[in-house]
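Under my numbering, think of the first position of the sequence shown as 1, with each following residue one higher.
From the three backbone atoms N, C-alpha and C, an ideal C-beta is built for every residue, glycine too.
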Amino acid sequence: MQNRIYFLLTIVMGLACISFIVPSEKGESDKKSKPVKKAVVLYGEKTLFDTFENLSDEKIQEYYDSLSKKPDVSVKVLGQIRTFLSVKTMTKMELAFFMDSLFEAGDENYALINQINLFLNSHDFNTPSEFAYTKKSMDYPADNFYGTWDISKPHPYPTSLWKNDSNTRLLLSSKKLGEYHSPTKKIVITSRYGHRWNRSHRGIDLDLQVWDPVHAAFKGKVRYVGFFGGYGRVVVVRHYNGLETLYAHLHRYKVKVGDEVEPGDVVGLGGSSGQSTGSHLHFECRFKGVAFDPAQIIDFREEKLIHKQVTIQKTKWGYAAIPDGVEYYTVQKGDYLYGIAEKYGTTCRKLCEVNHISRNSTLQVGQKLRIL
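Right under this line is the structure:
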């Protein structure tokens, strides 16, 4: 059972670039030795194929067709080869459930299980085709989303860029993109995203002192540096993950337009420029120029992403960011906070904490509450 659980966890984690194992003919005397792969979990010594070589699906299909014409071929082996060919089309979760079913059948499927395990050891599930936009082949980061590189102001994008959107999948971090880095050394939130003093507050305010370093949250390229209205001294970075982040009320700049930045690079020093009542960092996350609550994707308490993959969902007024693995509940007529908490086996305190509301907050029909 422990081996089975460990193997399923290995599947869900994924690994690096596709390679295949070539089937060997029965009675072949000069078999090549099986390659030694580190950190590959095998069950017994059986695998479907013996020799190691990069092959296309077409080549494997040709072998299958040839093998199927032999009178003494095992129907079971043919079935397992067909199954192996279908593995590439599965998602991580589909593959995890499929492997679970193979284990249920016992050791008769160990050859197939081992072959899939070898395949997983050389396959990267972290950057599927839906995240091809993260490649650095374009002139500017995520250029296919934006189409322009305007360095004249922080928010140059027309509403036509996003008004017809529905849902967009984003990969926020990976080995290539780097990991998320906290904008400030110590996280103390002084004001959250939302309405404040009868005005819309489009970011999160983080406490800092004048001259404290302000860090880039993700890998990207600096698009704007300058003094702009209430922002004061502000830096905008467009990231390869598709987002733009904004750092306002700075005292000094530490980057210029066009600079490439890595997560954690210092983009400026903290201050109180612009319309600010005291030294702090005003931090925004935007997609196509539209701000959304950074706390929807970042766990500021733990200083990490909630999940590296998110869905940017178009709403009536802008966007909502929904990380993978997070469940939301849409408030219905007659709902109340305690009833929702009881329904999902949680507490009012936890619901209030993750949704940044109080026990006395009025729930609106259609409002989305984060559950997990």
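- Message: On the DSSP bridge list, what partners appear for Y319?
- Response: In the DSSP output, where bridge partners are listed per residue, Y319 has K314.
- Specify, as a first and last residue, the run of the beta strand (DSSP E) that V267 falls within. Per DSSP, V267 is one residue of the beta strand (DSSP E) stretching across 266-269.
- Query: Near T83, which residues of its chain fall below 7 Å by C-beta distance, leaving aside the five closest residues on each side in sequence?
  - Reply: L112, listed in sequence order.
- Message: Looking at A295: is its Cβ nearer than 8 Å to the Cβ of H356?
- Response: Yes.
- Task: Count the other C-beta atoms from every protein chain shown that fall within 10 angstroms of the C-beta of G376, then say buried if there are 16 or more, exposed otherwise.
- Result: The requested residue 376 is not part of the displayed model; the chain covers only 1 to 372.
- In terms of residues, what are the limits of the beta strand (DSSP E) holding L48? Where L48 is concerned, there is no enclosing beta strand (DSSP E), because DSSP gives it neither an H nor an E.
- Message: With distance defined between alpha-carbon atoms, name the residue in K153, K59, Y329 nearest to F227.
- Response: The residue with the shortest Cα to Cα distance from F227 is K153.
- Compute the distance between the beta-carbons of H280 and L208, then report whether it is under 8 Å. Closer than 8 Å, so yes.
- Message: Let me check understanding here. Comparing Cα to Cα, which of K308, L269, T159 lies closest to V459?
- Response: Any property of residue 459 remains undetermined from this structure, which presents the chain solely from 1 to 372.
- Message: Relative to the C-alpha of S375, which candidate in F218, H282, K185, V331 has its C-alpha closest?
- Response: With the chain covering only 1 through 372, there is no way to say anything about residue 375.
- Message: At the level of alpha carbons, what is the spacing between I189 and A216?
- Response: Going by the C-alpha atoms only, they are around 17 Å apart.
- Item | Simplified DSSP state of S174, which is helix, strand or coil | Here DSSP, grouped into helix, strand and coil, assigns S174 to strand.
- Sequence-distant residues of its chain with Cβ nearer than 7 Å to S276 (five each side left out): Counting only residues of its own chain and dropping the five nearest sequence neighbours on each side, S276 has a CB closer than 7 Å to the CB of G232, H249.
- Message: Please identify the residue among K288, E327, I187, I298 whose C-alpha is closest to the C-alpha of V237.
- Response: Considering only alpha carbons, the answer is K288.
- Message: Beta-carbon within less than 6 Å of N109's beta-carbon, same chain only, minus the 5 sequence neighbours each way: which residues are those?
- Response: These residues qualify, in order along the chain: L102.
- Item | Same chain, Cβ closer than 7 Å to R359, five either side skipped, listed in chain order | Listed in chain order, the non-local C-beta contacts of R359 below 7 Å within the same chain comprise L337, C348, C352, local neighbours out to five positions each way being set aside.
- Query: Taking C-beta to C-beta, are L246 and G203 nearer than 8 Å?
  - Reply: By the CB criterion at 8 Å, L246 and G203 fall inside the cutoff.
- Message: According to DSSP, simplified to helix, strand and coil, what is V75?
- Response: Three-state DSSP puts V75 in a helix.
- Measure the C-alpha to C-alpha separation of D293 and L118 and round it to an integer number of angstroms. A straight line joining the alpha-carbon of D293 with that of L118 spans about 41 Å.
- Which residue or residues does DSSP assign as beta-bridge partners of Q309? DSSP, once it has assigned bridges, lists L171 as partnering Q309.
- Is I116 near V77, with beta carbons less than 8 Å apart? No, the Cβ-Cβ distance between I116 and V77 is not below 8 Å.
- Measure the C-alpha to C-alpha separation of R370 and Y329 and round it to an integer number of angstroms. For R370 and Y329, the distance between alpha carbons rounds to 6 Å.
- Which residue comes first and which comes last in the alpha helix (DSSP H) that contains E342? It spans 337-343 - the alpha helix (DSSP H) in which E342 sits, taken as one unbroken run.
- Label R301 either buried or exposed according to how many other C-beta atoms from any shown protein chain fall within 10 Å of its C-beta, with 16 as the threshold for buried. Label assigned to R301: exposed.
- Going by beta carbon distance, what residues of the same chain come within less than 6 Å of D259, once the five residues before and after it are set aside? Counting only residues of its own chain and dropping the five nearest sequence neighbours on each side, D259 has a CB closer than 6 Å to the CB of V222.
- Item | Cα-Cα separation, S182 to A341 | Counting only the Cα atoms, A341 lies some 31 Å from S182.
- Task: Pull up the distance between the alpha-carbon of R286 and that of G339, whole angstroms please.
- Result: Rounded to whole angstroms, the gap between the alpha carbons of R286 and G339 is 34 Å.
- Task: Taking all protein chains shown into account, decide if E62 is buried (16 or more other Cβ within 10 angstroms of its Cβ) or exposed.
- Result: Here E62 is exposed: its Cβ has fewer than 16 other Cβ atoms, across all protein chains shown, within 10 Å.
- Reducing DSSP to helix, strand and coil, say where A217 ends up. DSSP places A217 in coil when its eight states are reduced to three.
- Measuring CB to CB, does V255 end up less than 8 Å from V225? Taking a C-beta distance under 8 Å as the contact criterion, V255 and V225 qualify as a contact pair.
- Residues bridged to I204 by DSSP? Among the bridge pairs identified by DSSP, I204 is matched with F283.
- Task: Check F228 in the structure and name its three-state DSSP category.
- Result: F228: strand per DSSP, three-state reduction.
- DSSP state of F300 mapped onto helix, strand, coil: Under the three-state reduction of DSSP output, F300 falls in the coil class, being neither helix nor strand.
- Beta-carbon proximity list for Y253, same chain, < 7 Å, skipping 5 on both sides: If we look at Y253 and ignore the five residues flanking it on each side, its Cβ neighbours are V225, R233, V235, G268.
- Contact belief for I298 with L305 at Cβ below 8 Å, rounded distance in angstroms: Correct: roughly 6 Å between the Cβ atoms.
- Rounded straight-line distance, which links the Cα of Y319 to that of G325: If you draw a straight line from the Cα of G325 to the Cα of Y319, it comes to about 18 Å.
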